[in-house]
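**Student:** Encoded as structure tokens, here's the structure I'll be asking about.
As structure tokens, then:
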């Protein structure tokens, strides 16, 4: 590890920044980077930020991890991390948030179902173009079974990453029977991390149990819906499935099963994460207009619940990210 970040020539400057939050996410992302070097950048408050620079495909990338901390400190730290990142690496065009999230399942339709080990890519579902929706406040509507929400949403005005998502999706759908582009990256990343004594293997399929609470309060276990038609022939139990939709956040909705379901349906949400609104606020304030969120599914809440699935979920999200950057122009 090199102590200080050296001066970078123009051709050495990263154009893509990858943001993680958990240590396992940073390890997974760095396993996807070729010709990498890791540097410290000292901060005025005596702490330092760690950056990993290298290549993915034809792109020079930089990855970094947000600091831990209490909620308010974490928000301030996240904003500072992004502001500092874009200040140090002023040629960054695209920012990708890569890591774990909580799946939004569907109990009867395979095509709408998201389960553990799947990947959700932030994709707009309506004309607003929103990729990420954060619930700031939620409450019951008087004399009703519904809820009202105060939300904040973010859209990407530069569509380069979305075009790459669509191109990768079309390529895979045209060739449903061949190996997926991210599969070799999952294997290579897992083997590399295993050589460094880290376990990023997929947990047993038996550890992915689906539950729902009935109106009378009874908790019932459900079978995962199975594919039909053409999807059935190309589907293998336990394979990574890529889903597309809005990413949501907000503790009020993630911790309440009924509210979570309602909020998901209202906003086209396929996954929740543990509140990255401060990061997106900072990107918006820094005039960065190209971002994407990629989440590997680690639980059915917000990604922070099941530690057993987190390493694998981080790995598959990072592998999809690498596949995407190989098709990004």
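In my numbering, the protein residues as written are 1 to 329.
All C-beta atoms, glycine included, are put in the ideal place defined by N, C-alpha and C.
(1) Only counting runs of 3 or more residues, tell me where the beta strand (DSSP E) segments fall wholly within the stretch 48 to 124, in order along the chain.
(2) Check whether the stretch 98 to 113 touches the stretch 15 to 30, taking contact to mean three or more Cβ pairs, one atom from each stretch, closer than 8 Å.
(3) Using 10 angstroms around the beta-carbon of residue 321, count the other beta-carbons present and answer buried if the total reaches 16, otherwise exposed.
(4) By how many angstroms is the C-alpha of residue 229 removed from the C-alpha of residue 92?
(5) Which residues in the same chain have their Cβ closer than 7 Å to the Cβ of residue 108, if we skip the five residues on either side of it in sequence?
(6) Under 9 Å, do residue 133 and residue 19 count as touching if we go by C-beta distance?
(7) Measuring CA to CA, which of 11, 253, 32 and 117 is closest to residue 204?
(8) Tell me whether residue 289 sits in a helix, a strand or coil according to DSSP, three-state version.
(9) Among 82, 62, 119 and 81, which one has its Cα closest to the Cα of residue 245?
(10) Here's a check: name, in chain order, each residue in its chain whose Cβ is nearer than 8 Å to the Cβ of residue 5, leaving out the five neighbours to either side.
(11) Count the other CB atoms, across all protein chains shown, that sit within 10 Å of the CB of residue 278; report buried if there are 16 or more and exposed otherwise.
(12) Taking its Cβ as the centre, do 16 or more other Cβ atoms sit within 10 Å of residue 271, making it buried, or is it exposed?
(13) Please work out which residues of its chain come closer than 7 Å, Cβ to Cβ, to residue 157, disregarding the five sequence neighbours upstream and downstream, and give them in chain order.
(14) Taking only the alpha-carbon atoms, compute the straight-line gap between residue 122 and residue 223 and give it to the nearest angstrom.
(15) Near residue 237, which residues of its chain fall below 8 Å by C-beta distance, leaving aside the five closest residues on each side in sequence?
(16) Under the rule that 16 or more other beta-carbon atoms within 10 Å means buried, what is residue 30, buried or exposed?
(17) Check each candidate in 9, 159, 315 and 280 and name the one with the smallest Cα separation from residue 184.
(18) According to the neighbour-count rule (16 or more other Cβ atoms, all chains shown, within 10 Å of its Cβ), is residue 318 buried or exposed?
(19) Using C-beta distances below 8 Å, list every residue in its chain close to residue 259, excluding the 5 sequence neighbours before and after it, in chain order.
(20) Using only the alpha-carbon positions, how far apart do residue 221 and residue 209 sit?
(21) Less than 9 Å between CB atoms is the rule here; does residue 273 satisfy it with respect to chain C?
(22) Cα-Cα, which of 268, 168, 80 and 327 is closest to residue 113?
(23) Assuming residue 280 and residue 160 are in contact, meaning their beta carbons sit under 8 Å apart, how far apart are those beta carbons, in whole angstroms?
(24) Leaving out five residues before and five after residue 21 in sequence, what residues of the same chain have Cβ atoms less than 6 Å from its Cβ?
(25) Where does residue 215 land, buried or exposed, given buried means 16+ other C-beta within 10 angstroms?
(26) Roughly how many angstroms separate the alpha carbons of residue 12 and residue 94, rounded to a whole number?
(27) Measure the Cβ-Cβ separation of residue 325 and residue 56 and say whether it is below 9 Å.
**Tutor:** Let me spell this out:
(1) 48 to 56, 59 to 65, 94 to 103 and 119 to 122
(2) yes
(3) Position 321 of the chain shown, counted from the first residue, corresponds to residue 321. So residue 321 counts as buried.
(4) The residue you call residue 92 lines up with position 92 of the chain shown. The residue you call residue 229 lines up with position 229 of the chain shown. Straight-line Cα distance between these residues: approximately 43 Å.
(5) Reading the chain shown from its first residue, position 108 is the one you call residue 108. Cβ within range, chain order: 225.
(6) On the chain shown, position 133 is the one that residue 133 refers to. On the chain shown, position 19 is the one that residue 19 refers to. No, Cβ-Cβ distance for residue 133 and residue 19 is not below 9 Å.
(7) On the chain shown, position 204 is the one that residue 204 refers to. Minimum Cα distance to residue 204 is reached at 117.
(8) As a working note, residue 289 is residue 289 in the chain shown. Coil.
(9) Here residue 245 refers to the residue found at position 245 when the chain shown is read from its first residue. The residue with the shortest Cα to Cα distance from residue 245 is 119.
(10) Numbered from 1 along the chain shown, position 5 holds the residue referred to as residue 5. Closer than 8 Å at the Cβ level, and outside the excluded window around residue 5, lie 39, 40, 41, 51 and 88.
(11) Within the chain shown, the letter at position 278 stands for residue 278. Buried.
(12) For the purposes of this step, residue 271 is identified with residue 271 of the chain shown, where counting begins at 1. Buried: at least 16 other Cβ atoms inside 10 Å.
(13) Your numbering for residue 157 matches position 157 in the chain shown. Excluding residues within five positions, the ones whose Cβ falls inside 7 Å are 289.
(14) Looking up residue 122 in the chain shown gives position 122. Looking up residue 223 in the chain shown gives position 223. Answer to the nearest angstrom: the Cα atoms are 26 Å apart.
(15) Position 237 of the chain shown, counting from 1, holds the residue named residue 237. Cβ neighbours of residue 237 beyond the five flanking positions: 205.
(16) Here the question's residue 30 lines up with position 30 in the chain shown. Residue 30 comes out buried.
(17) Here the question's residue 184 lines up with position 184 in the chain shown. Minimum Cα distance to residue 184 is reached at 315.
(18) Locating residue 318 in the chain shown gives position 318, where the first residue counts as 1. Its Cβ being crowded by 16 or more others within 10 Å, residue 318 is buried.
(19) Against the chain shown, residue 259 aligns to sequence position 259. Cβ within range, chain order: 138, 147, 252 and 253.
(20) Position 221 of the chain shown, counted from the start, is the residue given in the question as residue 221. Position 209 of the chain shown, counted from the start, is the residue given in the question as residue 209. Cα-Cα distance, rounded: 7 Å.
(21) Chain labels in this structure do not include chain C; a single protein chain is all it has.
(22) The residue labelled residue 113 in the question sits at position 113 within the chain shown. Nearest option by C-alpha distance: 268.
(23) Stepping through the chain shown from its first residue, residue 280 is reached at position 280. Stepping through the chain shown from its first residue, residue 160 is reached at position 160. Their Cβ separation, rounded to whole angstroms, is 18 Å, which puts residue 280 and residue 160 out of contact at 8 Å.
(24) To locate residue 21, count along the chain shown from 1; it is residue 21. The residues are 66 and 99.
(25) Translated into the one-based positions of the chain shown, residue 215 becomes position 215. Exposed, by the Cβ-count rule.
(26) As a position in the chain shown, residue 12 is number 12, starting the count at 1. As a position in the chain shown, residue 94 is number 94, starting the count at 1. Straight-line Cα distance between these residues: approximately 16 Å.
(27) For the purposes of this step, residue 325 is taken as residue 325 along the chain shown, with counting starting at 1. For the purposes of this step, residue 56 is taken as residue 56 along the chain shown, with counting starting at 1. Yes; because the gap between Cβ atoms is below 9 Å, this pair is in contact.
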